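Residue numbers (this note's numbering): 476 to 1228. Backbone N, C-alpha and C define an ideal beta-carbon position, used for all residues, glycine too. Fair warning: this is a prediction, and the values are worked out from it, not measured in the lab. For reference, the structure discussed in these notes is given below.
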C-alpha cells in the first residue's frame, strides 16, 4: 500500500467555491451563459466542477504510487456497471451539503439535477456491478487498484416493450457527453490481429513469428474512482477502438468514398456494443476480437507502467497482481506469455513463472454453457500466435498430468485446454485455471461445487489454488446513497462509523426490540414505497398501492433464475382469486426488472408472459386491487436504487446449485426486505447470519437435486397429475387465456415444463 496521497482536503471547500467553479465551466467549457444554458449544460458544468476536485487527488494519488513503487492490483472485467456517478462522487468527496447549498444559490434543485444524469452503458448484470463495487472498495480502503475494461459506444441496449415483447434499441448514453472520462491519446497502443504464423530457425532454436497481421489501435479513457472520505482516487481505464489509418485520402480522391473509411468503420465496430449477439459466426468473431482487444491493450499498459521503475523483469509478479473477472479476460494469460516470449525474449520457464504468479482468476458460473469456449478454427484465424502459445501451454501441462496420473486418459481429456472432436474448442476456464496461482469461487456453496462438480480434476491436482471469496456490495452506494432516510436513522442510532466500516451495523441488533425505532423504520419504508409507486406510474402508467406488499424480482432474465416460477405463482394467485373472490390474500404488487439477451428466445418469451399477465390482471376489476404486476423497462442501477429501498419481499429463487452468489439478495436484505429463496449462492450465508426464522427458504439443496438427476427421479408428469393447482397453471401456458387474439404463444414454455 502506498503512503497516503498528500492533497488538499475538501473540508475547506465552500458553497461559493462550487458555485463559481460551476459557472466557470458553464462559460468556458460549455460556452453558454445562464440565459441560454439547458438543464444538461448545468448538469455537465456542475459535474466538471466536482471532477476538478477529484482530479487534484487523482494526480497526487498516482504520483504517490510511482514514487513509492507500489504493488498494483489490476481488475480486468468485460463489464463495469457504474450507475450514475455524480451523486456518488459528491458523497465520496463529502460535499453533499455544500453542493446542495451552492445549487440552491443558483436556484437549482440538486436532486433533480443529479437525476438527469444517464447511467453509463458499460455493463449489464451482477458481473459488472460487482466490478464497480470492488473499485469503490479498493479506493476507499486506499489500495493501489486499477480497473480495466472497454468503452462501449452504445452499451448493451436500451430496453422497451412493444405489445409485451422486449424491444432492443441502441443505448446512446454518450449523447450529451460523459463528463467523468478523460481521453488519453498519448497512451494509445497498437493491436494486432489475423495474419499467419511462420517458424524461423534462430540461435535459440526454432521460433514462431507472427506475420501479415492487421493493425488497429486502442485509445484509453480514464474515469476517476474516488475513495469515500479519503484522499485516494484510483482510475478505471476503458479502451476504445480506432483505425490505425482512419481515412484513405488516395482512395477518397478516386471516388470510392465508402472504401476510404472502411478501415475506420471496421475498427470502431470492436467497441460499439457490449455482448454483441454471438448467434452468427460474425458475432462470435466480434466477441473474440473484443476480448482480445481488452486484454492486449491492458497488458501493454501494465507493462508500460512497470517499465517506468524497472529495467528488468524479475520483480514483475511482485509488483503486479492481475485479477481476471470471469473467463472473458482469460486470453490475458496467452497475451502476457506472448509479450514475454516475443517482445522481451524471455525463455519459456521464466515467462511462465512470472505469468502464473501474476494472474488470479474469479469463476462466476456453474453453468457448463457459460464456461467460454472458442472454436480452434476461429482462434487460428484471429489470433494464430496465441493459439500456438495455448497449444504449448497445454502440451507442457498435460505432460505434468500424465506424470502424476499415468494412464488416466479420461482425466487428460477433461483437463486439456483444447476440447477434441469434430469441432475443436479452446476452453478458456481451463486456460485461466492453469495460468493463475489463485482460483476463487464467489460463495461457499459455489466454491464447493466448483471443486466437486465443475473442475474436480483441477481441484484434486492443485488444491492449493482454490479458495472462496464470497461476493459483496458497497453499502455506501446501496444504503447511504440509495436510502438516505434509513441512513439518517442508522446514524442517529449507532453513529456514522458504519459509513466507513459496515461491521458497525451489527450495533443495530438491539433496536429490533425498540418500538419507536421500528415505527420510524416502517414509515421510512412506506415513504420509499410511495417514491417507487410514483416511478412505476411514470414508467408504465400503472398506479400501484404503496400499502400492498412489494414483491420484487430484479435480475438478469435467465431460465435458472426462475422468473418463470414467479410468473406461475402469480397465475396461481390469479386463478384462486377468480375462483373464490372472498379468499383472504394480502394485496400484493409484483415488480420485475430484467433484460433478456437479444438472441435468448426463452428469456424473451418469459418477458412476454409476465407482461401479458400484467395486462390481464391489471385490467381485471376483480383482481387489480389485490394483485398488480409491473415489469419496469430498461432496468439499470439508477432504477435499482429506487426499487431496492422500497421492497418488502426479495425473490431469490434460482435453481439450487446454479446461482454462483448473487448480490441483489444482499442489497435488498440490507434495505430491510425479507428474502424468499432457495438453498443457493449467498442465500445460504445470509440465512446463517439472520437465522432461519428471519428468511423464507424452500426447495431441495444442491446435492439433493444432483442426486435426483443422477437417479432419474424427477418426473414432471407426476407433479402435474397430482396437483390440480399446478396443472391449471401449466395448462394455461398451453391455452393462453391472458392474451387476446395472439394464439398459443407460450407453447415452448409449456413443452419445456
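Between residue 562 and residue 592, the CB-CB gap stays under 9 angstroms. Residue environment for residue 750: buried (at least 16 other C-beta atoms within 10 angstroms of its C-beta). Ranked by Cα distance from residue 718, the first of 732, 725, 734, 691 is 691. Residue environment for residue 522: buried (at least 16 other C-beta atoms within 10 angstroms of its C-beta). The beta carbons of residue 706 and residue 497 sit no closer together than 9 angstroms. In this structure the stretch 801-809 lies against the stretch 845-857, because at least three pairs of beta carbons, one per stretch, are closer than 8 angstroms. Using a Cβ distance threshold of 9 angstroms, residue 1123 and residue 992 do not count as a contacting pair. Per DSSP, the continuous alpha helix (DSSP H) segment holding residue 1206 begins and ends at 1199-1210. Looking only at 543, 737, 1137, 634, the smallest Cα-Cα distance to residue 839 is reached by 1137. Residue state for residue 657 is assigned as strand, using DSSP reduced to three classes. Residue range 913-916 is occupied by the beta strand (DSSP E) that includes residue 913. Taking C-beta atoms as the reference points, residue 1228 and residue 1205 count as a pair closer than 9 angstroms. Sixteen is the threshold: when 16 or more other Cβ atoms of the shown chains lie within 10 Å of the Cβ of residue 550, as they do, the residue is buried. For residue 859, no beta strand (DSSP E) segment is defined; the enclosing uninterrupted segment is the alpha helix (DSSP H) at 859-879. Selection 1200, 966, 878 evaluated against residue 1052 yields 1200 as nearest (Cα-Cα). The alpha-carbon separation between residue 1170 and residue 1065 amounts to approximately 19 angstroms. Only residues of its own chain outside the window of five on either side were considered, and among them 1105 have a CB closer than 6 angstroms to the CB of residue 1015, listed in chain order. In the DSSP assignment, residue 1090 falls within the unbroken alpha helix (DSSP H) covering 1076-1093. By the Cβ neighbour-count rule, residue 1152 is buried, with 16 or more other Cβ atoms within 10 Å of its own.
According to DSSP, residue pairing for residue 689 in a beta bridge involves 668.
Annotation: residue 1013 is outside any beta strand (DSSP E); the continuous alpha helix (DSSP H) that includes it extends over 990-1015.
Taking one beta carbon from each stretch, the stretch 487-494 and the stretch 572-583 have 3 or more pairs nearer than 8 angstroms; the two touch. Judged by their CB atoms, residue 666 and residue 760 are not nearer to each other than the 9 angstroms cut-off. Here residue 1020 has 1008, 1062, 1064, 1100, 1103 as same chain residues with Cβ atoms under 8 angstroms from its own Cβ, once five neighbours each way along the sequence are excluded. Taken atom to atom, the span from the alpha-carbon of residue 1047 to that of residue 1121 is near 25 angstroms.
For residue 756, the secondary structure class from DSSP, reduced to helix, strand or coil, is helix. Of the other Cβ atoms in all chains shown, 16 or more fall within 10 Å of the Cβ of residue 628; this residue is therefore buried. Residue 917 counts as buried, since no fewer than 16 other beta carbons sit within 10 angstroms of its beta carbon. Close CB contacts of residue 962 within its chain, under the 7 angstroms cut and outside five residues either way in sequence, are with 954, 955 (chain order).
Secondary structure note for residue 965: its alpha helix (DSSP H) is the uninterrupted segment 959-969.
Assigned with DSSP and collapsed to three states, residue 941 falls in strand.
The criterion of a C-beta distance shorter than 9 angstroms is not satisfied by residue 505 and residue 528.
Ranked by how close their Cα comes to the Cα of residue 793, the residues 1109, 1154, 597, 829 have 829 in first place. In this structure, residue 798 and residue 835 form a Cβ contact; the two beta carbons are roughly 5 angstroms apart against a cut-off of 8 angstroms. With fewer than 16 other Cβ atoms inside 10 Å of its own Cβ, residue 582 counts as exposed. Rounded to whole angstroms, the separation of the alpha carbons of residue 1112 and residue 869 is 41 angstroms.
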